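The structure appears below as structure tokens.
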Amino acid sequence: MKRLYYTLGKNKFWEYIFLVVFLLVFYGPLMNMLLLSFAGDYEYPDVAPRSFGLKWWDYVLSKGQLVESIGTSLVLAIVVTLLSLVVCLPAAYALARFQFKGRSAVRLSFLLTNAFPKMGIYTAMAVIFYKINLIGTFAGVVLVHIVNTMMLMVWIPSGSFRTVHIQQEESARDVGAGPIRTFFMVTLPMAKPGIIVAALYTFLGSMEEAQGSLLIGLPNVHTMPSELYGIIMSFPDTAGSVFAMILLVPSILLLILFRKYLSADALSNGLKM
Numbered sequence: 001m002k003r004l005y006y007t008l009g010k011n012k013f014w015e016y017i018f019l020v021v022f023l024l025v026f027y028g029p030l031m032n033m034l035l036l037s038f039a040g041d042y043e044y045p046d047v048a049p050r051s052f053g054l055k056w057w058d059y060v061l062s063k064g065q066l067v068e069s070i071g072t073s074l075v076l077a078i079v080v081t082l083l084s085l086v087v088c089l090p091a092a093y094a095l096a097r098f099q100f101k102g103r104s105a106v107r108l109s110f111l112l113t114n115a116f117p118k119m120g121i122y123t124a125m126a127v128i129f130y131k132i133n134l135i136g137t138f139a140g141v142v143l144v145h146i147v148n149t150m151m152l153m154v155w156i157p158s159g160s161f162r163t164v165h166i167q168q169e170e171s172a173r174d175v176g177a178g179p180i181r182t183f184f185m186v187t188l189p190m191a192k193p194g195i196i197v198a199a200l201y202t203f204l205g206s207m208e209e210a211q212g213s214l215l216i217g218l219p220n221v222h223t224m225p226s227e228l229y230g231i232i233m234s235f236p237d238t239a240g241s242v243f244a245m246i247l248l249v250p251s252i253l254l255l256i257l258f259r260k261y262l263s264a265d266a267l268s269n270g271l272k273m
């Protein structure tokens with residue numbers, strides 16, 4: 001260690017130490033979960049499993065309700081993302097382009113769902129949903145997820161719309177394009193990076209939402225995060241690790257697919273409110 005200190009120099013040495021600590025803190029739990037998911041014989045105080053295999057993968061994938069919850073979560077996330085785009089994009093555009101009384105209050109209202117403990121909001125929604133027969137329904141869970149994602153789907157696209165200069169829209173109007181065509185041919189393509197970022201976070205947020213899905217969805221709607229609670233409490237750690245790894249797959253694939261949009265510029269432009 002002392003030799004490394006003198007070789008790298010004081011500043012570089014501490015940068016190296018901080019990097020190692022960061023990697024251990026950030027990737028250590030993920031690597032441990034990956035190791036556990038393929039563990040066969042693994043008991044305390046063993047540092048590593050004595051054997052590896054697909055025993056718990058077979059177990060998880062053989063349970064019909066667990067497999068069904070994977071499909072339910074994927075369909076739910078897609079529906080929530082599409083509905084959020086339909087509902088929130090007009091609001092985001094209005095906040096970006098129009099000046100009206102109470103505009104700041106409307107903008108702030110989308111932040112309120114994230115300003116209080118979520119369980120209190122879920123409980124209040126559960127009381128209302130029980131009265132209108134939405135408890136245990138797919139539609140009820142969709143509404144819970146949309147409430148969670150409205151802030152992202154309004155704030156980030158609104159910031160992206162603000163980066164589109166109004167002169168560009170006016171130029172399209174001058175050559176004969178109507179308002180709708182101008183929006184879809186000029187404004188929407190230029191704001192696309194921020195919209196994709198918001199849609200991506202909405203999808204991932206829906207995939208991992210557990211408390212609201214558990215409170216509103218049960219006993220009829222089973223999602224992956226809500227099922228994960230039951231696995232962790234009822235089965236060995238290895239089974240929970242398998243299901244957690246399955247839950248990570250869509251997130252990793254989407255992050256890889258849309259990584260060019262997840263830049264600092266896209267995020268900062270999307271949050272210019």
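Once you know that position 133 of the sequence shown is 133 in the working numbering, the rest is easy, because the numbers rise by one and skip nothing.
Beta carbons are placed, not taken as given, at the ideal position from N, Cα and C, and that holds for glycine.
Computed from a predicted model, the values in this text were never measured in an experiment.
Cβ-based neighbour list, residue i, same chain, cut-off 6 Å, excluding 5 preceding and 5 following
i      : result
VAL147 : THR113
Which listed residue (the options) has its alpha carbon closest to that of residue i
i      : options                           : result
LYS192 : PRO179, GLU169, GLY205 and VAL164 : VAL164
SER37  : GLY240, LEU188, HIS222 and PHE98  : GLY240
SER84  : TYR93, MET153 and SER104          : MET153
GLY217 : PRO117, GLY140, MET207 and ILE232 : GLY140
MET125 : VAL142, PHE110, SER109 and LEU111 : VAL142
LEU82  : PHE116, SER206 and GLY71          : SER206
ALA92  : PRO219, MET190, ILE231 and PHE161 : PHE161
ALA39  : ILE70, PHE52 and MET33            : PHE52
PHE110 : ARG259, LEU95, LEU204 and TYR59   : LEU95
ILE246 : LEU34, GLY28, TRP14 and PHE98     : LEU34
GLU43  : LYS101, THR238 and ILE256         : THR238
HIS145 : GLU68, PHE98, LEU30 and THR223    : THR223
Bridge-paired residues (DSSP) for residue i
i     : result
PHE52 : ALA39
Buried versus exposed call for residue i [16 or more other C-beta atoms within 10 Å across all chains shown]
i      : result
ALA77  : buried
GLU209 : buried
PRO157 : buried
SER226 : buried
VAL87  : exposed
MET150 : buried
LEU66  : buried
THR187 : buried
ALA244 : buried
SER171 : exposed
PHE18  : exposed
TYR16  : exposed
TRP56  : buried
TYR122 : buried
ILE70  : buried
SER73  : buried
LEU228 : buried
ARG203 : For the sequence presented, residue 203 should be read as Phe rather than Arg. PHE203 should be labelled buried.
GLY129 : A small fix is needed here, since residue 129 is Phe in this sequence, not Gly. With 16 or more other Cβ atoms within 10 Å, it is buried.
VAL242 : buried
ILE231 : buried
VAL21  : exposed
Cβ shell of residue i (< 7 Å), same chain only, five flanking positions each side left out
i      : result
MET273 : Residue confidence is low: MET273 scores 47 on pLDDT, short of 50, so the model does not pin down where it sits. Its coordinate-derived value is still stated next. Cβ within range, chain order: ARG107, TRP155, SER158 and GLY159.
VAL79  : VAL142
MET119 : GLN211
Residues near residue i in its chain [Cβ-Cβ closer than 8 Å; skip 5 each side]
i     : result
LEU89 : MET153, PRO157 and ILE195
LEU61 : VAL67
(Q) Could you check whether the stretch 182-189 touches the stretch 247-255, counting it as contact only if at least three pairs of C-beta atoms, one from each stretch, sit closer than 8 Å? (A) no
Q. Can you find at least 3 beta carbon pairs, one from the stretch 125-141 and one from the stretch 190-203, that sit closer than 8 Å?
A. no
Q) Should the stretch 166-175 be called in touch with the stretch 211-231, which here means at least 3 C-beta pairs below 8 Å? A) no
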